[in-house]
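Novice:
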Amino acid sequence: MTLVFGAMVNAFNKWGQFDANGNPLLTPQSFRHTINKNALWFVYLFIGKFVLVYLHTTCFTIAAVRMTRGLRLAYVQSILKQEIAYFDTCTPGAVATRISTNANLIQTGLGEKVGIASQGLAMLVAAFCVAFSQQWKLTLVTATTLPAVLILVGTTVVQSQKIEQQILQIYTKAGGLAEEALGSVRNVVAFGAHDKLAAKYGAYMDSARTLGIKLGPLLGVQYSSEFSIMYCAYALSFWYGIRLLVRGEIPDGGTVVTVFFSCIIATSSLTIIAPSIGDFTKASAAAKDVLEMIARRPEIDSSSTDGRKPDSVQGRIELRNVSFKYPARPTVQVLDNINIVFEEGKTTALVGASGSGKSTIIALAERWYDPESGDVLLDGNNVKDLNLKWLRQQIGLVQQEPVLFNDTVYANVAHGLQGTEMQTLPEEDKRRLVKEACIEANADAFIEALPEGYDTVVGERASLMSGGQKQRIAIARSIISGPRILLLDEATSALDPKAEGIVQAALDQAAKSRTTIIVAHRLSTVKRADKIVVLNKGRIVEEGTHESLLAVEGAYWRLVSAQKLSVAAEDVQEHSDDSSVSEVADELAGIDRVETKLSTISAKTLKHEDVSQKFGLLKCLAIVFYEHRHLWAWFLGGVTGCVMGGAVFPAQAILFSRIVTVFSLPMNKLTERGNFWALMFFFLALGTLVAYASVGFFWTTVAFMMGRVHRGAYFVAMITQDIAFFDIPENSSGSLTARLSSDPQALHDLIQGNLGLIIAVIVNLLSSCTLSLIVGWKLALVAIFGCLPPLFAAGFTRMRLELSAQERVSKFFLESTRFAAEAVSAIRTVQSLTLEDAVISHYADRLNGPVRSAYKRAVTLMILFGLSESLDFLGVCLAFWYGGRLLSFGEYTAQQFFVVFIAVVFGGQAAGFLFGFTTNLTKAHAATNNIIHLRNAKPTINGSTGSDLPPSEEGKPVIEFKDVRFVYPTRPSVSVLRRCNLQIMRGQRIGLVGASGCGKTTIIALLERFYDITGGELLINGVPLASLDVHKYRATLALVSQEPTLYQGSIRDNITLGTPAGEVSDAEVENAAKSANIHDFIMSLPQGYDTDVGTKGVALSGGQRQRLAIARALVRDPEVLLLDEATSALDTESERVVQEAIDTASRGRTTLAVAHRLSTIRHYDRIFVFDAGRVVEEGTHQELVDKKGRYWAMCQGQSLDREAV
C-alpha cells in the first residue's frame, strides 16, 4: 500500500508541473490513467485483506474456543483429582470464578485478538522491509523511536500484569465468600446477615480498587507513549527526509512519502496491537492460576492408575498405631496412636463425643487423608499400596450431611453404580436396580409420589427434598452396587423414628456378610452391632458389645442413660390403637392435589427472565454514569482526553496535506517549510501525549471506582432476593457466583479499556468528516457516503449477531460452571463414589454446546468482521479515483485533495477500529442489563415494608396457623400443607415430629417468612404475618438449621453474624458459647475465638459446627427460637448439655423444635405430630404415649434397653 501511495504522491506532484520546454509533465489523460491504475490496486488490496482477515480471525477464534475448552476441562480434571486436604482451603466459589472469569479472560486473549496482534506485527515487519528497500538511512533514523516505544510499553505491561494478578486473587477469594453466602441463602436471610457479608465482600472489593487505582498511571504512560512517540517518528521522518532530498540522496518526494507512510504503518501497527495488550496482560494473569492448578500434583491422586487391585476382598480393616492431625489444623491431635480392627463381615460402631475422631476414621478408611504415623490396612494390605479408585469402589458410604446433585432422583441413585460392572447395563436394568435399592432404603414410596417420580429433579443441594428424603436417596445410592464394606457416618440421623426403624432394618440386612462401620450419636441404631468402640479425644476408652458395655456401667452406660425415653414398661406392646390414625388417613385420602390460582401465578413468576437486551447499550451506560455522577470531575478529565485524542486525526490530515505539497516547492523554500511542518508534528505529539495519558489514567481509575460499587451492589442484590428466586434452576449458587464474577468484569472492561478509545474514535470520525466537508464537499460527500455506510452496516450487523450469540454462549457456560462448582462442593461424595470420570464426561458434554455454537458464530460473524476491517480500502480507492478526476479538471488543488483524502481515510479506518470493539460491547451490554435488572428487582417479601410487631396479649396465641395451605412455587401441583391448624402460646416449648416430608421444616420456613402462604391465615400476636415489617420481625427470631452453615472468618465473626456490628460484647459471645457447650473447645484452640474456621467451617467437626450455630442463635437473645434438628449432629453428652442450655435459654421464650430424636422434646409443653401436611396428634409426651397412636409407635422405635437405667 505504501508503494501505491508513493506512486500517487509522485503523480500529484507532477500534475501542474512543466518541463524545460514548457510542456506539462502529465497531460490530463495520462494523469487520469495513472490514477485509475493505482486506484485499482486498492481494490486488489481490499480483496486480499478481506480474505486474509476472515481466515485468520476465524481460525484464531475457533482455536481460542477449543483451547479454552481444553483449559476448562483440564482445570476441572485437575481439581477433581486433588487430595481432600486441598479442599479444606479451596472454595467452590473460587473454582466457579476461575472457570468463568479466568477462562473468559483467557479466551479473549487467545481469540481474534491474537490474529489482530499478529496482523499488526506483520504490518510492522512488512512496513520496515518496504521502507528499508526504498531508503535505508531515512528508515534507520525513523526506526530509532521504536525501541523507546518497546521499552516504555514493555515496562508498564510487566508492572500492570503483577497488579492484575493480585486483583484476580482478591476476586477469587471474594468469589469463595459469595458462593458460601449464596449456597446458604436461607441462613443469610434468617439472620439478616447480608449487611455483614456485604461488608466483608466490600472489603475485598476495596482492596481490589486500591490496587486497580495504581494501574491508572501505568496505563496512562502505556497509552500515551504508544501514540505520542508515533507522531515524534513522523516529525523525525519528515525532517530528515527533506534533508536527504536536498542533499540528493533521495530521488523524489514520493520516496520520502513511501518511507514516511511505511513508518506511519509500522508505528500505527503498534496502535493495532495496543488494545490487545491489555487483554493479553489479563489473559496471562488469569492463566497463571489456572495453569498452576493444572500442573499441581496431589499427594493422594484419585485419578492414578497405580496400585494393586486384589482379585477378592474379605473386608478386614485395621488401623495400626495411627496418629492423625488435619492439615488445616496442624496443632490439634485428632487421633492419638490408635489401634482398631474391623472384622470382615462384622458390624462395628464408633461412638463418643463430638470431635473425638469418629468421622476421621471413616475419612482414613476412604483414604481421603493419609495418617501422620501408623498404617491403615485392608485385608493386610496397606491402603497406600492399593489402587485408589479400586479401593473406593469396594466401599459404600453414607455421610452425616448427604450430598445429592442437581439431577433426577434416578441419576443420583445410579451414581452408585459408577466404576462397577453394572455401570454398562441397559437403561431398563439400571432402572430396576435403582428401584430395588430405593425400596430397600424405604425411599420408593415418597419418590413415586413426586410429580415426575424417579425423573424428578432434586434441585440444587437437593433443596426440593426434606432432610430424611435426601438421606434415604443417599442410602439407596450407597447400597445399589452391593459393596463389601459399608461406612455409615450418622446414616439415619435425619430420619423420623418410623422411617429410621425400617431403614435401620434395611441397613442391618445390607450389613450382613459385609464389613460395616457405623458412626452414631443415636445409640438405638448401634445396640445390635457386633462391637461398639467408645472414643474420647482420639483414644479408645471402651470397646465391647452393647450388653457387655452396659454391664460395666462406664462411658457407654452414661451415654445410653442420657438417651433413654420415658415410655412406661407396661406401654411396651406390639400393638397400638390406630383408630385415630386411620381416621386421619381416611380424611387425607379424600384430599386431591389442587393447583390453586396463587400457586400458578407464583410458578409463572419464577421462570427465568432473559433481560440481556432489555435496555439499549446507550441507555445502560446513561443509567450507570448517572448513578456515579459524583465522579463528574474524573469523567470530565477522561472525556477531555478522548476529545483531544480524537481531534489529533483531523489535525494530522491538515499537517499531512501540507507536507505532501511541500515537495512541489523550490529547494530554497523546501527546507524552511519542511522544518516548520516537522515541528508542527512534534507539537501534535505533545498534544497526543497529554490526550492519551488522560485516557489511560482517568478511565482506568474510574473503572475501578465504579467496579467497586457494581460488584458490591450486585452481590447485595443477589443475597437480598426472596428465597423463591433461588429455587429457579438458573439461579443456583454456582450460576450466580459465575454471573457475579463475569458481569461486572465485562462492564469494567468496557469502561477501562474500550470506552475512552471508542469516544476518541467517534470524535475523530465526526471531526474528520466535518473538516473534509468544509475543505472540499464534493469529494467528501462521495468518500463519506461511498465508504462509511457499508462499513457501518457490516459492523452494526456483526454487533447485533454477536449480542444474541454471546448471550446463548454465556448461558451455556454458566450451566457448565454451575455443574463444576456443584461437583467441587460435593468433592467427598464425588471421590467416594469414584465419579470423577463421570463428572468430567458430563462437564465436557455441557461445554460442547457453547463450543459448537461458537464455531458457527465465528464462521458467520468473521465475514462481517473481515468487511469492517477491509472496506476502508474501497473508500481509499473511490476517494483517489474521484479526487484525481476533480484535480484533473481543475476543480481542486492538490492541498484540498490531500486534506479531504487523509481526513476521510483515517475517519474510515477509525470506523473499522470502532467495530473492533463489538465483542466487548456486546458482552458489556448483556452484563449491564443483568446488573441493572437485578439491582432494580424489588423482592416481594424481603423488599416489603409493614408495621412493627405488636406486643402479645395474655392468654392469646403468639403463633397461629388457621387452615394454612402451602405449595412451593417451583412445584405448584404438590400440596405441602393442607389446611394446617395449630396454636402456640407465649413461652411454650413446642415439638414438631412426623415422617420426612410431612411439612415440619415447611412450618419453620413459613415462620421465617421465606415464603408466603398459599391460603388460610398465619397470625403472629393476632396480626397477619404478611402485614409486619419482615426485617424487624425476623430480628425477633433465631434459627438453627439441620445442616449448620459457617462462613470464611473467625469463630467470633461466625457467632456474631446475626447481630448488628459492634452491639455484642466479648462477654456475651462467650456466654452464648458456654451455653452451647463450645466455649471450652474454642479456648483449647491456639487462637481461641480468633481461629479461622476455614471454608464452610471445614476445620471443625459436624458437632462443633452445630454448636457454633446454636451459639450464633443464642447470642441474638431471640423471642422465638426455631430449632430444625438442632442437636442431630451432637454426641449424647454434648446433646444433653446443649439441650439443658436450650431449655434454659428457652425460658421466657417461645421455642419450636423439629425433631426426629424424640428424647430432645419429651419434656416440651406440647408436641404436634404431622402427617401429609396436617397435625394428626397433639399433646404432651405422656398424653401422646397414653394414646398409643403414632407418637407412641415412634417412641417404640427409639427406645433402648431399659436395663440401662
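By the UniProt record's numbering, the letter at position 458 of the sequence shown is numbered 458, and the numbering carries on one by one without gaps. Cβ atoms here follow ideal geometry from the backbone N, Cα and C, with glycine treated the same way.
Quick one: grab the DSSP three-state call for Ile250.
Specialist: As a working mapping, residue 250 is identified with position 250 in the sequence shown. Three-state result, Ile250: coil.
Novice: With distances taken between CB atoms, is the gap from Leu291 to Gln135 smaller than 9 Å?
Specialist: Numbered from 1 along the sequence shown, position 291 holds the residue referred to as residue 291. Numbered from 1 along the sequence shown, position 135 holds the residue referred to as residue 135. No; because the gap between Cβ atoms is not below 9 Å, this pair is not in contact.
Novice: Provide the residue span of the alpha helix (DSSP H) that contains Gln1087, from first to last.
Specialist: Here residue 1087 refers to the residue found at position 1087 of the sequence shown. It is not in any alpha helix (DSSP H) - Gln1087 carries neither H nor E in the DSSP assignment.
Novice: When the distance is taken between beta carbons, is Arg1052 closer than 9 Å to Val1069?
Specialist: Numbered from its first residue, the sequence shown carries residue 1069 at position 1069. Numbered from its first residue, the sequence shown carries residue 1052 at position 1052. Taking 9 Å as the Cβ cut-off, Val1069 and Arg1052 qualify as a contacting pair.
Novice: Starting from Phe961, follow its DSSP beta bridges and name the residues at the other end.
Specialist: For the purposes of this step, residue 961 is taken as the residue at position 961 of the sequence shown. In DSSP, Phe961 forms a bridge with Leu982 and Leu1018.
Novice: Distance, Cα to Cα, Val376 vs Leu488?
Specialist: Taking the first residue of the sequence shown as position 1, residue 376 is located at position 376. Taking the first residue of the sequence shown as position 1, residue 488 is located at position 488. Val376 and Leu488: Cα-Cα distance of roughly 18 Å.
Novice: Give the list of continuous alpha helix (DSSP H) stretches no shorter than 4 residues that lie fully inside the segment 645-728.
Specialist: Complete alpha helix (DSSP H) runs here, min 4: 667-719 and 723-726.
Novice: Can you tell me whether DSSP reads Val1176 as helix, strand or coil?
Specialist: Translated into the one-based positions of the sequence shown, residue 1176 becomes position 1176. The answer is strand: DSSP assigns Val1176 an E or B state.
Novice: Can you tell me whether Gln710 is buried or exposed, with buried defined as 16 or more other CB within 10 angstroms of its CB?
Specialist: Indexing the sequence shown from 1 puts residue 710 at position 710. According to the sequence as given, residue 710 is His; it is not Gln. Buried: at least 16 other Cβ atoms inside 10 Å.
Novice: Taking three-plus beta-carbon pairs below 8 Å as touching, is the segment 196-207 in contact with the segment 763-770?
Specialist: The segment 196-207 is not in contact with the segment 763-770.
Novice: Since Thr1002 contacts His194 with CB under 8 Å, what's their CB separation in whole angstroms?
Specialist: Taking the first residue of the sequence shown as 1, we reach residue 1002 at position 1002. Taking the first residue of the sequence shown as 1, we reach residue 194 at position 194. About 23 Å; that fails the 8 Å criterion.
Novice: According to DSSP, is Ser323 helix, strand or coil?
Specialist: Taking the first residue of the sequence shown as 1, we reach residue 323 at position 323. Strand.
Novice: Round the Cβ separation of Phe897 and Leu779 to the nearest angstrom and send it over; I've been treating them as touching at under 8 Å.
Specialist: As a working mapping, residue 897 is identified with position 897 in the sequence shown. As a working mapping, residue 779 is identified with position 779 in the sequence shown. Right, the Cβ-Cβ distance comes to about 7 Å (below 8 Å), so this counts as a contact.
Novice: Under the three-state reduction of DSSP, which class applies to Pro28: helix, strand or coil?
Specialist: By one-based count along the sequence shown, residue 28 stands at place 28. DSSP places Pro28 in helix when its eight states are reduced to three.
Novice: Would you tell me roughly how many angstroms separate the C-alpha atoms of Val1064 and Thr1151, rounded to the nearest one?
Specialist: Mapped onto the sequence shown, residue 1064 falls at position 1064. Mapped onto the sequence shown, residue 1151 falls at position 1151. Each residue's Cα considered, the two are about 23 Å apart.
Novice: Report back the beta-carbon spacing between Gly646 and Val761 to the nearest angstrom; my notes put them in contact at under 8 Å.
Specialist: Walking along the sequence shown from the start, residue 646 turns up at place 646. Walking along the sequence shown from the start, residue 761 turns up at place 761. Correct: roughly 7 Å between the Cβ atoms.
Novice: The beta strand (DSSP E) that contains Thr347, what's its start and end?
Specialist: Against the sequence shown, residue 347 aligns to sequence position 347. It spans Thr347 to Gly352 - the beta strand (DSSP E) in which Thr347 sits, taken as one unbroken run.
Novice: Taking all protein chains shown into account, do 16 or more other C-beta atoms lie within 10 angstroms of the C-beta of Trp777, making it buried, or fewer, making it exposed?
Specialist: Along the sequence shown, read from residue 1 onward, the residue named residue 777 stands at position 777. Looking at its Cβ environment, which holds fewer than 16 other Cβ atoms inside 10 Å, Trp777 is exposed.
Novice: Whole angstroms is fine: what's the gap from Ile35's alpha carbon to Phe901's?
Specialist: If you number the sequence shown from 1, residue 35 lands on position 35. If you number the sequence shown from 1, residue 901 lands on position 901. Distance between the alpha carbons of Ile35 and Phe901 is about 14 Å.
Novice: Nearest by alpha-carbon distance to Glu1008: which of Asp311, Val332 and Phe191 is it?
Specialist: Locating residue 1008 in the sequence shown gives position 1008, counting from the first residue. Among Asp311, Val332 and Phe191, the Cα nearest to that of Glu1008 is on Phe191.
Novice: Only counting the same chain, and skipping five residues up and downstream in sequence, which positions put a Cβ closer than 6 Å to that of Asp963?
Specialist: As a working note, residue 963 is residue 963 in the sequence shown. The answer, listed in chain order, is Arg979 and Gly1016.
Novice: Assign Ile941 to one of three DSSP states: helix, strand, or coil.
Specialist: Working through the sequence shown from its first residue, we reach residue 941 at position 941. Coil.
Novice: Alpha carbon to alpha carbon, how far is Val76 from Glu836? Give it in angstroms, no decimals.
Specialist: One-based indexing of the sequence shown puts residue 836 at position 836. One-based indexing of the sequence shown puts residue 76 at position 76. About 9 Å.
Novice: Indicate the three-state DSSP secondary structure (helix, strand or coil) for Trp1192 in the structure shown.
Specialist: If you number the sequence shown from 1, residue 1192 lands on position 1192. DSSP places Trp1192 in helix when its eight states are reduced to three.
Novice: Less than 8 Å between the CB atoms is what I'm expecting for Ser133 and Ala685, so what's the real figure, rounded?
Specialist: Sequence index remark: in the sequence shown, residue 133 carries index 133 (1-based). Sequence index remark: in the sequence shown, residue 685 carries index 685 (1-based). About 27 Å; that fails the 8 Å criterion.
Novice: Which of helix, strand or coil does DSSP assign to Val974?
Specialist: Sequence index remark: in the sequence shown, residue 974 carries index 974 (1-based). Three-state result, Val974: coil.
Novice: My understanding is that Arg971 touches Ile1013, with C-beta atoms under 8 Å, so please give their C-beta distance in whole angstroms.
Specialist: As a working note, residue 971 is residue 971 in the sequence shown. As a working note, residue 1013 is residue 1013 in the sequence shown. That pair is no contact at about 15 Å.
Novice: Under DSSP, the beta strand (DSSP E) around Phe865 begins and ends at which residues?
Specialist: Stepping through the sequence shown from its first residue, residue 865 is reached at position 865. From DSSP, Phe865 is part of no beta strand (DSSP E) but of the alpha helix (DSSP H) over Glu836 to Ser888.
Novice: For my contact list, Thr1095 and Gln1048 are in at a C-beta cut-off of 8 Å; report their separation, rounded to the angstrom.
Specialist: Walking along the sequence shown from the start, residue 1095 turns up at place 1095. Walking along the sequence shown from the start, residue 1048 turns up at place 1048. Their Cβ separation, rounded to whole angstroms, is 7 Å, which keeps Thr1095 and Gln1048 in contact under 8 Å.
Novice: Check Val526 in the structure and name its three-state DSSP category.
Specialist: In the sequence shown, the residue the question calls residue 526 occupies position 526. Three-state result, Val526: coil.
Novice: Going by CA-CA distance only, name the one from Gly616, Ile273, Gly459 and Phe60 that's closest to Thr922.
Specialist: On the sequence shown, residue 922 is found 922 positions in, with the first residue counted as 1. Ranking Gly616, Ile273, Gly459 and Phe60 by Cα distance to Thr922 puts Gly616 first.
Novice: In terms of alpha-carbon separation, which member of Val398, Pro1060 and Phe961 lies closest to Leu1018?
Specialist: Reading the sequence shown from its first residue, position 1018 is the one you call residue 1018. Closest by alpha carbon: Phe961.
Novice: Assuming Gly374 is part of the beta strand (DSSP E), what are its boundary residues?
Specialist: Start at 1 with the first residue of the sequence shown, and residue 374 comes out as number 374. Element bounds for Gly374: Ser373 to Leu378.
Novice: So, with DSSP's three-state summary, where would you put Leu1152?
Specialist: Position 1152 of the sequence shown holds residue 1152. Residue state, collapsed to three classes: strand.
Novice: Just how far apart, CA to CA, sit Leu887 and Ala283?
Specialist: Counting from one through the sequence shown, the residue named residue 887 turns up at place 887. Counting from one through the sequence shown, the residue named residue 283 turns up at place 283. So the alpha carbons of these two residues sit roughly 50 Å apart.
Novice: Just the Cα atoms here: how many angstroms apart are Asn412 and Val125?
Specialist: As a working note, residue 412 is residue 412 in the sequence shown. As a working note, residue 125 is residue 125 in the sequence shown. Taking the straight line joining both Cα atoms gives about 59 Å.
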